[in-house]
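*Asks:* Below you'll find the structure I mean.
In the working numbering, the protein residues as written are 3 to 98.
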């Protein structure tokens, strides 16, 4: 039913996506191209979050930030968002 919607393939994220052979297995299961999802458009945090483990979380943060930038929120992107990213960066560095 949905195969035509997935013509570009499947993107795997999360810790399990780093397991050896999982991409090849997913290609066999889905009969579609499969790639590893890596966070994009993340400045200043690349060393910490450019990892498929964090792809979903980073994507959600960027999506939320995009809503703010489009005007879905009364607040502007600025020091609040940047300070949140800095706190996340510190947490990741302290825990990993």
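The beta carbon of each residue, even a glycine, is placed where N, CA and C say it ideally should be.
Can you check whether the CB of residue 41 is closer than 8 Å to the CB of residue 20?
*Replies:* Numbered from 1 along the chain shown, position 18 holds the residue referred to as residue 20. Numbered from 1 along the chain shown, position 39 holds the residue referred to as residue 41. In this structure, residue 41 does not lie closer than 8 Å to residue 20 by Cβ.
*Asks:* My output table needs one value for residue 51: the three-state DSSP class, helix, strand or coil.
*Replies:* Here residue 51 refers to the residue found at position 49 of the chain shown. Three-state result, residue 51: helix.
*Asks:* Please list, in chain order, all residues of the same chain as residue 15 whose beta carbon is under 7 Å from its beta carbon, the five residues on each side excluded.
*Replies:* Sequence index remark: in the chain shown, residue 15 carries index 13 (1-based). Excluding sequence neighbours, residue 15 sits near 39, 54, 57 and 58.
*Asks:* Work out the CA separation of residue 94 and residue 88 for me, nearest whole Å.
*Replies:* Numbered from its first residue, the chain shown carries residue 88 at position 86. Numbered from its first residue, the chain shown carries residue 94 at position 92. C-alpha separation (whole angstroms): 10 Å.
*Asks:* Might you give, ordered along the chain, the residues of its own chain that have their beta carbon closer than 8 Å to the beta carbon of residue 18, omitting 5 neighbours on each side?
*Replies:* Here residue 18 refers to the residue found at position 16 when the chain shown is read from its first residue. Correct list, in chain order: 24.
*Asks:* Please report how far the alpha carbon of residue 51 lies from the alpha carbon of residue 82, in whole angstroms.
*Replies:* Counting from 1 along the chain shown, the entry for residue 51 is found at position 49. Counting from 1 along the chain shown, the entry for residue 82 is found at position 80. Approximately 19 Å, taken between the alpha carbons.
*Asks:* Measuring alpha carbon to alpha carbon, tell me which residue in 33, 37, 31 and 90 is nearest residue 60.
*Replies:* In the chain shown, the residue the question calls residue 60 occupies position 58. Checking every option, the nearest Cα to that of residue 60 belongs to 90.
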